[in-house]
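Residue numbers (this note's numbering), protein chains in the order written: chain A, 6 to 689; chain B, 512 to 846.
First the structure, in the form of structure tokens, and then the observations on it.
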């Protein structure tokens, strides 16, 4: 094939350029928020310059100028990112390349390449955003790019409405392909190369360490962390503690989780009280899976560790879905008489110098209550509720010993401070205690019947060991006096139910405007959730399930071939049927129908005059004319017009005109007997 | 001829043979061809391979980043690319191509080949290109249920009668990633007259003066005036009468034996065939312009004296066909 596109500059070849200058900026627009401003400025400048050159009929800049500009831009990109690979740098380079390609466009090939790269730009948008809005927007961009591509290859200017329709039809026709391939194309667990998770832009999530003051950023983040759909029974809000990380080790200031605990089996649970649910987790880049207290059945790719922390076999780098089961009333170690000695030592460890004032305080409690661990716990909670502790996201800095400073001086903080301080108090009292972080509360979405947990719902609480009862959950933050919880936190509207712990009643006192905003927000989250759970969460695991439901095995290439064959077979069948139904009728069909009607009409006067199938129209008309002189003229005209209609090359207008004439001749023949010798109907 | 050039020539011949074998069922289209499924071919273009590469990279990226939206867009493009086969094919399918008379030209003048394309399937067609060898027409559309006359400019030829070589009708509309084409073997007759050469002023058979002088002399004594008939040379219209009456009349001379002009092969002051034919061509044109009654005598035939456009064209055709059999024209510029 010789390529004729690479001709010298030709104005007719630049016809699609105009449209490309619209479509490409539209495709690139979502990148404005993710690229350094100078990239945006460069692209805008290049496009404006090209539009100006096009408008004034000037040629594109020379190759020399372009090379210098390209080298400068490549250098700038490298200087900015230190590389030209990877998501951000790669995208930046792509945008700069397109800008220059547009600027130097001389012929059709240049525009085509720029438009192809435009499709690429649309894909790179998904590095940063996978919302349904972006999906709709990229359809728009793809539509414009396709329209531009059509215009580039049309030999003339195609009217915009036709162009729009044609490009739209192309997208529509491609949709079935997209769906079939999306579900059937064999999915493999990425990545194929590199380490995409390192490249991911920062994700929020719980940290493996707890250092009072850490979660604050998270608590102001209203984005969704986890969504949960319950199979049947929805647990009471009070019981909705989602454990993610369990921290036993304390160095006096910082709590840390240990991912190397041994794997255990969940405690046998009371089967009546099981809650089954499916959770959709946003990427955290960590291995923990938030599980409803207390996990009793786990997803396949996760395991339960000795500290009752559930870890996945690999980090959560993209949004995942998992199903699990929880036993609300079976805490870890329930029914065991004593704690494993090694574990006990770990759960009691306090650095010798840590929290001297707290230790003294606890010694007093011990003296009062003797061996009664429950009474000690109550004493600690009592302290939080009776003294002027405040719940605030902007606590004062903690100097010296964090626990003592918090407990006896500042008395202001949020869940982390309370959980940490409580654990220190308990350990000082010789009660094994650990800190658990995760999510609590969340907003029930009546619209989609799912629970939405935001990053702002992150929480920290404690578990204390009581012989014979196991690890009992204690939430010290819930103990502080409700009136001391600061209002107007960047909290959320929907947690206003009676059952909710006081500190979560954050929606009170909001104006209707804020409520409306939160309402809209919930609607948006519903749409997002459906989009995410139906489209974005599709992965090798879901594909396996889908195939299994069809009696196929997604790991077997024969099954994949069968699925592809059946999918495309059905598609081809539908397409063929559709094309067949739309096939235009033979052109002479209307004329034949009129002929048939005329023959039948005349036969009603006289049976013998009906046209025989073998009889040419001319012969028949002469035969009828002999028997019916009154019809001679109109039959003659009919035969002539009919033959012209059938055999002459006519314009559509002439064809319609002739057909009208045929009909008028037909209508001039009276319907029933007796034939009334009327005036000659021939007008032509 | 150098080595590479020879091998290129051999490759071209091989390619030509292959195409002839592929199109053997449609080797003689005559004056019209219907582009059915059995003669439409399709292959990806360079742009098509480029897009394929881009889609492949997008697919690898989708897998690597486990990005479902990227999968969706990639597969959407796969769908569009796949359907482009259908769109492009349909842009050519069902067209009817028929020959139109090729206006004769003089040797060396560029030739315009007209072909009529009729659309009957009810789909407007876009950006079709007609090609012969390296010559191609501008892209043209064909309206739904309508016709379009495609014109292809071909370079000037030597005197003679020619057959058209294989034609190619192709399109890349709408996306340019695929090319669909059909080979046509339409055979309109192409006639190339000799290029006229003025043989000088004293070249008549029996020492007559040049035709221009005759005209003046005869113009003094017109035999009669009769109404204009199509084909009368404009030089003989009586314009004065036209100004008076508004009707066209022409002068008619007495057609005596002495006034008859015979354009003789043997009288041309040249030795080689082509020059003689060129001179005769000039004479024919001059005689027609003057409205003379003239005959043409060639070694193998004689055209009896007559006048008018039809007679002129007969004479010119006779000159074009003189000792010439139809050959396939070679549209490629070369030695």
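Ideal placement from N, C-alpha and C gives every residue a C-beta, glycine not left out.
- Straight across, the Cα-Cα distance linking residue 307 (chain A) with residue 361 (chain A) is about 41 Å.
- Around the beta carbon of residue 575 (chain A), a 10 Å sphere encloses fewer than 16 other beta carbons of the protein chains shown; the residue is thus reported as exposed.
- For residue 589 (chain B), at least one C-beta of chain A is nearer than 9 Å to its own C-beta.
- Pairwise C-beta distances place the stretch 666-675 of chain B out of contact with the stretch 151-163 of chain A, as fewer than three of them are shorter than 8 Å.
- Only residues of its own chain outside the window of five on either side were considered, and among them 151 have a CB closer than 7 Å to the CB of residue 175 (chain A), listed in chain order.
- Per the coordinates, the alpha-carbon of residue 321 (chain A) lies some 31 Å from the alpha-carbon of residue 397 (chain A).
- Residue state for residue 455 (chain A) is assigned as strand, using DSSP reduced to three classes.
- Within a 10 Å sphere around the beta-carbon of residue 527 (chain A) sit 16 or more other beta-carbons, which makes this residue buried.
- By the neighbour-count definition (other C-beta atoms within 10 Å, threshold 16), residue 790 (chain B) is a buried residue.
- Within the stretch 770-821 of chain B, the complete beta strand (DSSP E) runs of at least 3 residues fall at 772-775, 805-809 and 812-817.
- Close partners of residue 544 (chain A) in chain B (Cβ separation under 9 Å): 577 and 579.
- Apart from the 5 residues on each side of it in sequence, residue 139 (chain A) sits with its Cβ closer than 8 Å to the Cβ of 35, 130 and 131 in its chain, given in chain order.
- Any Cβ of chain A closer than 9 Å to the Cβ of residue 640 (chain B) would place that residue at the interface, and such an atom is present.
- The three-state secondary structure of residue 674 (chain A), taken from DSSP, is coil.
- For chain B, the residues of the stretch 153-165 of chain A that bring a beta carbon within less than 8 Å of one of its beta carbons are 154, 155, 157, 158, 159, 160, 161 and 163, in chain order.
- If you draw a straight line from the Cα of residue 211 (chain A) to the Cα of residue 458 (chain A), it comes to about 13 Å.
- Between the alpha carbons of residue 297 (chain A) and residue 441 (chain A) lies a gap of roughly 12 Å.
- Taking 9 Å as the CB threshold, residue 548 (chain B) stays off the interface with chain A.
- In terms of Cα proximity to residue 636 (chain B), the closest of B:779, B:578, B:683 and B:706 is B:683.
- Within the same chain, and ignoring the five residues on either side of residue 550 (chain B) in sequence, the residues whose Cβ sits closer than 6 Å to its Cβ are 537 and 693.
- Residue 663 (chain A) and residue 605 (chain B) have their C-alpha atoms some 25 Å from each other.
- The alpha carbon of residue 595 (chain B) has as its nearest neighbour, out of B:786, B:739 and B:556, the alpha carbon of B:556.
- Per DSSP, the beta-bridge partners of residue 467 (chain A) are A:440 and A:479.
- B:759 is the residue among B:753, B:759, B:750 and B:755 whose C-alpha sits nearest the C-alpha of residue 741 (chain B).
- A contact is defined here as three or more CB-CB pairs under 8 Å, and the stretch 600-615 of chain B meets this definition with respect to the stretch 675-691 of chain B.
- In this model, residue 629 (chain B) and residue 186 (chain A) are separated by some 39 Å (Cα to Cα).
- Apart from the 5 residues on each side of it in sequence, residue 657 (chain B) sits with its Cβ closer than 7 Å to the Cβ of 630 in its chain, given in chain order.
- Residues of the same chain with their beta carbon placed closer than 6 Å to that of residue 634 (chain A) are lacking, with the five preceding and five following residues left out of the count.
- In the DSSP annotation of this structure, the continuous segment of the alpha helix (DSSP H) that includes residue 374 (chain A) starts and ends at 361-374.
- Residue 452 (chain A) and residue 234 (chain A) have their C-alpha atoms roughly 12 Å apart.
- Shown here, residue 758 (chain B) sits in coil according to DSSP, grouped into three states, outside any helix or strand.
- The beta carbon of residue 280 (chain A) sits no closer than 9 Å to any beta carbon of chain B.
- Beyond the five residues adjoining it in sequence on each side, residue 701 (chain B) comes within less than 6 Å, by CB distance, of 613 and 673 in the same chain, given in chain order.
- Judged by their CB atoms, residue 553 (chain A) and residue 482 (chain A) are not nearer to each other than the 9 Å cut-off.
- Within chain B, not a single residue places a beta-carbon under 7 Å from that of residue 251 (chain A); the smallest gap is close to 28 Å.
- Annotation for residue 26 (chain A): 52, 55, 56, 59 and 107 place their beta carbon closer than 8 Å to its own, counting only its chain and skipping 5 residues before and after.
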